Amino acid sequence: MQADDAPLARKIAFEDLAGWADDDHAAALAAFLRFCGRPEPATGAFGIAGAALLDLCNTGHAAMDGGPDAARRFFEAEFVPVALAAPGFVTGYFEPELAGSRVRTREFQVPLLRAPQGLERVDAGNRPDGWDDGLSHGRRTPAGLAPLPDRGAIMDGALAGEGLELVWLADPLDAFFVHVQGSARIRLPDGDILRVGYAGKTGHAYTSIARVLVERGEGAPEDFTMDGLRAWLRAHPAALDPLLRQNRSYIFFREVGETGADQGPVGAAGLPLVPGRSLAVDSQLHTYGTPIFISADLAAAGLGDRPFRRLMVADDTGSAIRGPGRGDLFIGSGTGAGDVAGHIRHRAEVTLLVPRSAAGPLLEWRG
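Every letter in the sequence shown is one number past the one before it in UniProt numbering, and letter 283, counting from 1, is 283.
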């Protein structure tokens, strides 16, 4: 076990980064350059300044015009590889495609909700006295910030009557997995596609229902991949409602109209996700826009017969994504992407590419 005062990370050389030379550096650079011309990303606790990342935009655009070799030289000249000392862990996620309706019908009875008016992130600056430190969101009212109901209360109708229903789905299990993924494409009865994306959450602590099942002795962790969890819940339908209530966190959605049909869903950084290049991270620690090299053996998940070694870009987050080396790989949209994403639960080596002007804080970070 890593000592509490041991360094979180260590500087390495690019030549020591296995698989680095074989990656598509131009594709990684294109994913990085999406952040250029946008507001400066908030600096995470690791201290990688958002301004330091954006300062590299002009050089990056010039490298993009020079081809794949120029892209590789850009990363090697402008960044320092900093490997996390502790092993990482990666999962996969995707954008589901489901049938649904804008109005409630006999077939479609399960709503995805918009964010309620007054939803507000809670931190040390606005947290009311006596609030649980783990409560990350609240609702602004004339009397001040108030806690939002948790999942169980919302399932029982705590927000009914507020007109928050964005779209209706047929299956509560499908709706839950949309909450897990944070986005979806909904096929409406007239053939149109409604895209929904993350708009906030109640702020109550996230609890993995797969972990609950493992703790109850229903199986081992490897049994509860996304597909394994879905199969177990289909086989035990009476368990679904009480299990969902174990996870008090509840996600709100919005209609996403600013991206084309050929683009990925919009992530937490406000940008369309790029399949195979977008990485969800712990946004309290990481700065959006940071290039992160992931090395993991994902052959069993259907991602080729060689180790997965790829430079990705931090541009999303999720309730279950917590810790320095925790990552969630965006695979794409639709059933095929879901088949792959659902089998990814793997240890990984995680290496951050840090702007040379901003490497100091991370190397000194002790957590």
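Glycine included, C-beta positions come from ideal geometry on N, C-alpha and C. Keep in mind that this is a model prediction, so the values were computed, not measured.
Return helix, strand or coil for His-179, following the three-state DSSP convention.
-> helix
If we call anything under 8 Å between Cβ atoms a contact, is Leu-112 one with Val-167?
-> yes
Return the CA-CA distance between Gly-100 and Leu-188, expressed in angstroms with no decimal places.
-> 5 Å
Pull up the distance between the alpha-carbon of Val-196 and that of Ala-320, whole angstroms please.
-> 20 Å
In its own chain, which residues sit with a C-beta less than 7 Å from the C-beta of Glu-40, not counting the 5 before and 5 after it?
-> Gly-50, Ala-51 and Leu-54
If you draw a straight line from the alpha carbon of Glu-76 to that of Gly-37, how long is it in whole angstroms?
-> 23 Å
Spell out the partners DSSP gives Leu-84 in its beta bridges.
-> Ala-9
What is the rounded straight-line gap between the Cα of Arg-121 and the Cα of Asp-69?
-> 43 Å
Cross-strand partners of His-204 (DSSP beta bridge) = Bridge partners of His-204: none, in fact.
Going by other Cβ atoms of all chains shown within 10 Å of its Cβ, with 16 needed for buried, is His-61 buried or exposed?
-> exposed
Excluding five sequence neighbours on each side, which residues of the same chain lie with their C-beta closer than 8 Å to the C-beta of Leu-279?
-> Ile-292, Ile-294, Met-312, Val-313, Ala-314, Asp-315, Asp-316, Gly-327, Asp-328, Leu-329 and Phe-330
Mind pulling the beta strand (DSSP E) runs of 3 or more residues that sit fully within the region 103-175?
-> 110-113, 119-121, 137-141, 144-146 and 165-169
C-alpha gap between Arg-127 and Ala-18, whole angstroms = 45 Å
For Ala-160, which of Gly-318, Val-110 and Ala-86 has the nearest alpha-carbon?
-> Val-110
Short Cβ contact (8 Å threshold) for Phe-89 with Ala-348 = yes
Return the residue from the list Thr-202, Phe-79, Lys-11 and Asp-190 that minimises the CA-CA distance to Arg-114.
-> Thr-202
Round the Cβ separation of residue 370 and Ala-341 to the nearest angstrom and send it over; I've been treating them as touching at under 8 Å.
-> The structure shown has nothing for residue 370, since the chain only spans 1 to 367.
Could you check the C-alpha separation between Arg-102 and Arg-322 for me, to the nearest Å?
-> 34 Å
Backbone secondary structure at Arg-185 - three-state DSSP = strand
Who are the near neighbours of Gln-246 in its chain, counting only those whose CB is closer than 8 Å to its CB and skipping five residues on each side?
-> Thr-207, Ile-209 and Val-212
Enclosing alpha helix (DSSP H) for Gly-318 [first to last residue] | Gly-318 -> no alpha helix (DSSP H), and no H or E assigned at all.
Out of curiosity, what's the CA-to-CA distance linking Thr-105 and Leu-169?
-> 9 Å
Alpha carbon to alpha carbon, how far is Gly-191 from Tyr-288?
-> 35 Å
Would you identify the three-state DSSP class for Gly-228, choosing helix, strand or coil?
-> helix
Through-space distance from Gln-117 to Leu-29, alpha-carbon basis | 38 Å
Go ahead and label Ile-251 buried or exposed: buried means 16 or more other beta carbons lie within 10 angstroms of its beta carbon, across all protein chains shown.
-> buried
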